[in-house]
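S.K.: Input: one structure, supplied below.
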């Protein structure tokens, strides 16, 4: 009997010359009382394929029907092995794998890497294998903008006689390449954050009609959703796709939510402001350098916040592409310690126009190893965290009462304009994560020379001083509790980790 690993992919191919539809037939998979139904998709002419991801161990039976063809059989779903943890889901304002394991997104950006030469694509994979990244933002359609001027060797669809795209006639060469790349990312433990639409186009893909767009989406679902490492990103900079309305995007989101039986993550990326809250959104994908607003986005959306674009490390003439390496790293820390997650990109100008953010290849910047340092630290923390709330008191006076909302200053603040209240909240919200037995506070570009801690009296704590650029963790003091002052180096890029000693997780 055929064996398929849990969260792996079962595939079957049927030849059916009497069917021409892009999506056709049905496959029914059963295990005990569990029953899952998926559609078949056209691969080559006259050839249809079905894919299914089993999420329960044991014996599965299946029946596949398309046109006059029918096939039935069984396979055994075996236990997941190694780093196979299943699909990533949102859990509150965090993420976790399907098996309950922690997932902390540490992403990068290579929009058009699958549209490059075979050699360059393989080089990109080699670079990713040595990187800390566990998520990559990438496009289905090729990209046309500065530093993106090459022609791909194949496209998602074949053309009609009039030269327009025939969405009902997918090019198997392209889709088999995309399959291969997603599977290779899976082997590296990297989530493919797949961007379905974008505006930077000279081929006409951004002009697909609503009906053509629906056909394309349903094909993506039938063909790709069985891959456990897939995320759906409806669009990059959705507002600039001028011919599509909010109603169009909502329809696409609902299609993904209703027809993807594996419940992959769904988001949509902006250029001006985050997309309005919707039931089909599992998390926010935001472009912004105003990272202080993470506080408000978390309150507004109540789902994980990923700053998928806060600028890129590089030296381009465009402001979005000329962050220093330090600024890229400090934006990661800033985002994380506000309770969000951050995505990297690199845009150093090169004579061959092979920039990582667009085409992949190699990484040349200094931020990546420091992002790896942060990732290692975050995964080492014992248990989940939440971001600290704003301290709405007068910072120049000791008004810390049991109920700060009754202080004269708080009453004064409530009379201020909403904008003024927001500004004060931003200025007085520490960049700090709080866990059950630890606190991690980042001071950003501020340079304090000391920090006063107020620790429980009935425990023993140790304090580490972290330099985000030098990638050092220095033990400052241990065996402390109560009110303690800690000396700091009075420089930018310093964080403080306070950890309870001798804590045994339950």
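In our numbering, the protein residues as written are 12 to 517.
Note that beta-carbon positions come from the ideal geometry of N, C-alpha and C, so glycine has one too.
Is it a yes or a no for the stretch 183–193 touching the stretch 118–132, going by three-plus beta-carbon pairs under 8 Å?
M.R.: Yes: the two stretches touch, three or more of their Cβ pairs being nearer than 8 Å.
S.K.: Of the residues 126, 121, 483, which one's Cα is nearest the Cα of residue 201?
M.R.: It is 121.
S.K.: With distances taken between CB atoms, is the gap from residue 86 to residue 41 smaller than 8 Å?
M.R.: No, they are not a contact pair.
S.K.: When the Cα of residue 462 is compared with those of 484, 480, 501, 433, which residue comes out closest?
M.R.: Of 484, 480, 501, 433, the residue nearest in Cα terms is 501.
S.K.: Considering residue 268, what are the terminal residues of the alpha helix (DSSP H) in which it resides?
M.R.: Its alpha helix (DSSP H) spans residues 257–270.
S.K.: Given a cut-off of 8 Å on the beta-carbon distance, is the pair residue 290 and residue 278 in contact?
M.R.: Not a contact, by the Cβ cut-off of 8 Å.
S.K.: Using the Cβ count rule (16 or more neighbours within 10 Å means buried), how would you classify residue 21?
M.R.: Result: buried.
S.K.: Would you mind listing the alpha helix (DSSP H) stretches within the stretch 143–210 that are 4+ residues and don't spill past its ends, in chain order?
M.R.: List check, alpha helix (DSSP H) in window: 183–198.
S.K.: Could you compute how far the alpha carbon of residue 394 sits from the alpha carbon of residue 507?
M.R.: Using only the alpha carbons, I get a separation of about 18 Å.
S.K.: Kindly list the residues whose CB is nearer than 6 Å to the CB of residue 447, restricted to its own chain and excluding five residues on each side of it in sequence; keep chain order.
M.R.: 394, listed in sequence order.
S.K.: Based on the DSSP output, what are the partners of residue 88 in its beta bridges?
M.R.: Note: residue 88 sits in a beta bridge opposite 15, 69.
S.K.: Rounding to the nearest angstrom, what Cα-Cα distance links residue 363 and residue 513 in this structure?
M.R.: Looking at the two C-alpha atoms, the distance is approximately 54 Å.
S.K.: In terms of residue numbering, what span does the beta strand (DSSP E) encompassing residue 119 cover?
M.R.: Start and end: 118–120.
S.K.: Suppose you measure from the CA of residue 106 to the CA of residue 317; what does that come to, to the nearest Å?
M.R.: Distance between the alpha carbons of residue 106 and residue 317 is about 11 Å.
S.K.: Within a Cβ cutoff of 6 Å, which residues of the same chain sit near residue 346, ignoring the five residues on either side of it in sequence?
M.R.: If we look at residue 346 and ignore the five residues flanking it on each side, its Cβ neighbours are 302, 318, 353.
S.K.: Roughly how many angstroms lie between the CA atoms of residue 391 and residue 196, to the nearest whole one?
M.R.: Answer to the nearest angstrom: the Cα atoms are 24 Å apart.
S.K.: How is the alpha helix (DSSP H) around residue 308 delimited, first residue to last?
M.R.: Run containing residue 308: 305–312, per the alpha helix (DSSP H) assignment.
S.K.: Hey, is the stretch 422–440 in contact with the stretch 466–473, meaning 3+ C-beta pairs nearer than 8 Å?
M.R.: The answer is no - the stretch 466–473 does not touch the stretch 422–440, with fewer than three Cβ pairs under 8 Å.
S.K.: As a quick exercise: from 419, 124, 493, 273, pick the residue whose alpha carbon is nearest that of residue 371.
M.R.: Ranking the options by Cα distance to residue 371, first place goes to 124.
S.K.: On the three-state DSSP scale, how would you describe residue 98?
M.R.: In this structure, residue 98 counts as coil in the three-state DSSP scheme.
S.K.: Kindly indicate the opening and closing residues of the alpha helix (DSSP H) around residue 391.
M.R.: 379–391 is the span of the alpha helix (DSSP H), which, as asked, contains residue 391.
S.K.: Considering only their Cβ atoms, is the gap separating residue 241 from residue 205 smaller than 8 Å?
M.R.: Yes, the Cβ-Cβ distance between residue 205 and residue 241 is below 8 Å.
S.K.: Is residue 138 buried or exposed, if buried means 16 or more other CB atoms sit within 10 Å of its CB?
M.R.: Buried: at least 16 other Cβ atoms inside 10 Å.
S.K.: Report buried or exposed for residue 342, applying the criterion of at least 16 other Cβ atoms within 10 angstroms of its Cβ.
M.R.: Classification of residue 342: buried, given that the 10 Å Cβ count is 16 or more.
S.K.: Please check the pair residue 444 and residue 480, which I expect to be a contact at CB under 8 Å, by giving their CB distance rounded to whole angstroms.
M.R.: Actually they do not touch by this definition, with Cβ atoms about 20 Å apart.
S.K.: Please name the residue or residues paired with residue 472 in a DSSP beta bridge.
M.R.: DSSP output for residue 472 lists 491, 511 as bridge partner(s).
S.K.: Within the continuous beta strand (DSSP E) that includes residue 52, where are the two ends?
M.R.: Note, residue 52: beta strand (DSSP E), 45–53.
S.K.: List the endpoints of the continuous beta strand (DSSP E) containing residue 316.
M.R.: Counting along the chain, the beta strand (DSSP E) containing residue 316 begins and ends at 316–320.
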